[in-house]
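Undergrad: Next up is a structure, given as structure tokens.
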Amino acid sequence: GPEGAATAATAAPPSQVRSGAHRQLEQQVAKRRPELVKDGGQLCRVVDAESPFDIVQANLALAASALEAADVPYLLVRDTMVRRTVAVHASFREAVLKSLSGMYQHEAVYTALLNDRQNPVTTTLAGLLGDHLDQPCSGVRVYRNAVSTSRTLRLGAVYGCTISFWDNDPEESDTLVAPTRTLIGDRISQHSLGRASTVLSGRTYPTINAFAQPLHGDVGFPVDAVYTWVDGSDVQWLERKNQVLAAAGLETVDAAASAARFRSRDELRYSLRSIDMYAPWIRNIYIVTDRQVPSWLDHTHHRVRVVDHTEIFGDQGALPTYNSHAIESRLHHIEGLSEHFLYFNDDFFIGRTVMPSLFFLGNGQAKHFPSPTAVPMVPPLVTDDFNISAAKNNRALIADSFGQTLTHSFLHAPYVLRRSVMEDLERAYPAQVAATSASRLRSHSDVSIASSLHHYFAYHTGRSVPGSISCGFVNVGLSEHRTRLSRILTSRPNDVFCLNDFHDGDVPEDEQDAILAAFLPSYFPVASQFEYGSPRNQRYHAHTLPDWPL
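Okay, so the sequence shown: first residue is 1 according to UniProt numbering, each after it adds one.
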């Protein structure tokens, strides 16, 4: 993908890596390094504590070390990729290949020679690059493969470091031409090469002033994440809910029996893994709950905080509440929450490496992601599902305020929110927001602020724009959706995805549990730094886990 997203365990093209010399060297390397495994046609390190962004930085260090050993001048380039690129003058091409070959002669370091379209034309172990000194190329990608213990996640060439060969323009000698576009273009005047440096993962790299300063479109402000979460096995929580149901004249449940039947699918655990793996730029994570704390969560971690309902409701609304619309109406009252934040249901997951620019513009505007699902163009009905009645109530408010009729809902993707917009909504529609926050159970009078009303209001006040995101959706309760899960796991095609479970499905709950128990740890095999005692959590407490920017 354009952000450097990777598929899972994609095999290297066999025609590029199967020469006799290659096989022989690979066998020698494997003998010297018995901890390596073969996966996807190449040798891999087994990792349980590294993210794609860690791999990106490690591959940058591989390339930089070879360049520095050969005294080859280089500079770190900024482009649109997650993987790193360094620029080297084309006159050093042979020196670069020789240095890579010599330094990594006996290592499982792979290289891909690139054509002018930046596609690999030859992939080989670095130790064999001496056999390709005469082969034309516009650059070389350098990488070590990493694979999870489960073998369901491989981080390979897509996260490699590209050494890009820049050359002089034959018609303008003071201009360098890059084989691919950078954030300042593909033609760079030598007069703009004022030297600078940048520090990544504790190592200083040379760059130029143009790449060392904030550029137009950069998202330089903090972005937080907010979750709402419930532990359905908590008997006390169920008993409190029963009291609210009974007061409303509704049917209650046997709290003890219900808790015993409840099986946690640990969606929150895996959703946090998705942030740790694919969006480490998220600053703080707030988990909004009703007197509950996940047992596996490291509550001492400085980036994660459990927020009780009492903190955000104060003397407003009515507690306890079992109305997600009510809880969402109070999210902007979280102390310390950034102006810009993403709101996750615990069944939302980030599917591959993403950057803040997917969700926000550099000027602070949020992005919203319209869904093809239409809101029925009929008045509110008592038979409406609560999400539909809320959408219709939103429509009435937007039409009254801005003279336009909303027609569609939004994708089941992280909701991109601004704290100031939610504050303005509270002032613009005080009666409707207050009624929603005071409703302990979902009501046909609710408005849905976080998932819909915010986006329309922000759009009409110049603070949100339509965006585009690759969003997968799977109803695990429908047997016809099983192939979607397989495709998501094997090809990882989505920026984000949602695993929902509507109650009208044809897959028994036990079977749904088994499906997710297999899928989630396969997709997210690396335990996050937020899980107490995990390898990444141990790195965090040992202060060896770098903060963003990595």
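Heads up, the beta-carbon is just placed ideally off N, CA and C, and yes, glycines get one too.
Glu105 bridges to which residues according to DSSP?
TA: Reading off the sequence shown, one finds Gln at residue 105, where the question assumed Glu. For Gln105, which the question treats as bridged, DSSP gives no partner whatsoever.
Undergrad: Smallest Cα separation from Asn115: which of Thr321, Pro136 and Phe386?
TA: The option with the nearest alpha carbon to Asn115 is Pro136.
Undergrad: Using beta-carbon positions only, say whether Leu331 and Tyr343 come within less than 9 Å of one another.
TA: Against a cut-off of 9 Å, the Cβ pair of Tyr343 and Leu331 comes out as a contact.
Undergrad: Buried or exposed, going by whether 16 or more other CB atoms sit within 10 Å of the CB of residue 553?
TA: Lying outside 1 to 550, the shown extent of the chain, residue 553 is not represented and no answer is given.
Undergrad: Which whole-angstrom value describes the C-beta separation of Leu516 and Arg265, a residue pair presumed to lie in contact below a C-beta threshold of 8 Å?
TA: The pair is a contact, with the Cβ atoms about 5 Å apart (cut-off 8 Å).
Undergrad: Using the C-alpha atoms, what's the distance from Thr80 back to Pro13?
TA: For Pro13, the predicted model reports a pLDDT of 40, less than 50, meaning its position is unreliable; a value from the coordinates is still stated below. Pro13 and Thr80: Cα-Cα distance of roughly 25 Å.
Undergrad: Considering only C-alpha positions, which residue in the set Arg32, Ser150, Ile282 and Val72 is nearest to Pro521?
TA: Residue Ser150 is the option with its Cα nearest to Pro521.
Undergrad: Between the Cα of Leu250 and those of Arg291, Asn242 and Thr353, spot the shortest distance and give me the residue it belongs to.
TA: Residue Asn242 is the option with its Cα nearest to Leu250.
Undergrad: Report yes if the C-beta distance between Thr124 and His22 is below 9 Å; otherwise report no.
TA: Yes; because the gap between Cβ atoms is below 9 Å, this pair is in contact.
Undergrad: I'd like to know if the segment 29-39 and the segment 128-144 are in contact, where contact means that at least 3 CB-CB pairs between them fall below 8 Å.
TA: Counting Cβ pairs under 8 Å, fewer than three are found: no touch.
Undergrad: Between the C-alpha atoms of Tyr143 and Val109, what's the straight-line distance to the nearest angstrom?
TA: Approximately 6 Å between the Cα atoms of the pair.
Undergrad: Report back the beta-carbon spacing between Asp39 and Val147 to the nearest angstrom; my notes put them in contact at under 8 Å.
TA: Indeed, because the Cβ distance is near 5 Å, the residues count as touching under 8 Å.
Undergrad: Give the range of the beta strand (DSSP E) segment to which Trp237 is assigned.
TA: From DSSP, Trp237 is part of no beta strand (DSSP E) but of the alpha helix (DSSP H) over Val235 to Ala247.
Undergrad: If you count every other CB in all the chains shown that lies within 10 Å of the CB of Pro2, and 16 or more means buried, which is it?
TA: Because Pro2 carries a pLDDT of 39, less than 50, the predicted location of this residue cannot be relied on, and no value is offered for it.
Undergrad: Could I get the ranges of all uninterrupted beta strand (DSSP E) runs contained in the segment 409-472, with 3 residues as the minimum, in chain order?
TA: Within the segment 409-472, the complete beta strand (DSSP E) runs of at least 3 residues are 415-418 and 464-466.
Undergrad: In angstroms with no decimal places, state the Cα-to-Cα distance between Gly351 and Thr111.
TA: Gly351 and Thr111: Cα-Cα distance of roughly 26 Å.
Undergrad: Figure out for me which residue from Leu36, Ile188 and Gly472 has the closest Cα to the Cα of Phe349.
TA: Nearest option by C-alpha distance: Gly472.
Undergrad: Look up Gly533 in the DSSP assignment and say whether it is helix, strand or coil.
TA: Three-state DSSP puts Gly533 in coil, outside helix and strand.
Undergrad: Going by the beta-carbon positions, is the gap between Ser409 and Ser452 smaller than 9 Å?
TA: For Ser409 and Ser452, yes; Cβs fall inside 9 Å.
Undergrad: Along the beta strand (DSSP E) that carries Leu114, what are the first and last residues, could you check?
TA: Run containing Leu114: Tyr110 to Leu114, per the beta strand (DSSP E) assignment.
Undergrad: Looking only at its own chain, which residues have a Cβ that is under 8 Å from the Cβ of Ser101, when we skip the five neighbours before and after it?
TA: Excluding positions up to five away in sequence, the list reads Ala126, Gly127, Leu128, Leu129 and Gly130.
Undergrad: Below 8 Å, how does it come out for the segment 193-204 and the segment 308-315: are there three or more Cβ pairs, yes or no?
TA: Judged by Cβ distances under 8 Å, the segment 193-204 makes no contact with the segment 308-315, as fewer than three pairs qualify.
Undergrad: Which stretch, first to last residue, makes up the alpha helix (DSSP H) that contains Gln42?
TA: No alpha helix (DSSP H) holds Gln42; the beta strand (DSSP E) holding it covers Gln42 to Val47.
Undergrad: Following the continuous alpha helix (DSSP H) through Phe519, name the residue where it begins and the one where it ends.
TA: Residues Glu509 to Tyr523.
Undergrad: Fully enclosed by the segment 282-327, which alpha helix (DSSP H) runs are 4 residues long or longer?
TA: If we require 4 residues or more, the alpha helix (DSSP H) runs fully inside the segment 282-327 come out as 309-313.
Undergrad: Grouping DSSP H, G and I as helix and E and B as strand, with all else coil, what is Pro379?
TA: Coil at Pro379, not helix or strand.
Undergrad: Per DSSP, Ser155 forms a beta bridge with which residues?
TA: A small fix is needed here, since residue 155 is Leu in this sequence, not Ser. In DSSP, Leu155 forms a bridge with Ala146.
Undergrad: Which residues does DSSP pair with Ala374 in a beta bridge?
TA: According to DSSP, which records beta bridges pairwise, Ala374 is partnered with His408.
Undergrad: Please confirm if the segment 318-333 is in contact with the segment 366-373, defined as three or more CB-CB distances below 8 Å between the two stretches.
TA: No, the segment 318-333 does not touch the segment 366-373.
Undergrad: How is the beta strand (DSSP E) around Asp39 delimited, first residue to last?
TA: It spans Val37 to Asp39 - the beta strand (DSSP E) in which Asp39 sits, taken as one unbroken run.
Undergrad: May I ask you to report which of helix, strand or coil DSSP gives Ser329?
TA: Here Ser329 sits in coil by DSSP.
Undergrad: Which residue or residues does DSSP assign as beta-bridge partners of Tyr137?
TA: Note on residue identity: the sequence assigns Cys, not Tyr, to residue 137. DSSP lists no partner for Cys137.
Undergrad: Keeping to the same chain, check which residues put their C-beta closer than 8 Å to that of Ala212; ignore five residues upstream and five downstream.
TA: For Ala212, where only same-chain residues beyond five positions count, the Cβ hits under 8 Å are Ala196, Ser197 and Thr198.
Undergrad: Let's test the definition: count the other Cβ atoms within 10 Å of the Cβ of Trp548 and tell me whether it reaches 16, buried, or not, exposed.
TA: So Trp548 counts as exposed.
Undergrad: Helix, strand or coil, according to DSSP, for Asp131 in the structure here?
TA: Asp131 falls in the helix class under three-state DSSP.
Undergrad: Thinking C-alpha only, which one of Ala70, Asp424, Asp218 and Arg536 is nearest Ser401?
TA: Closest by alpha carbon: Asp424.
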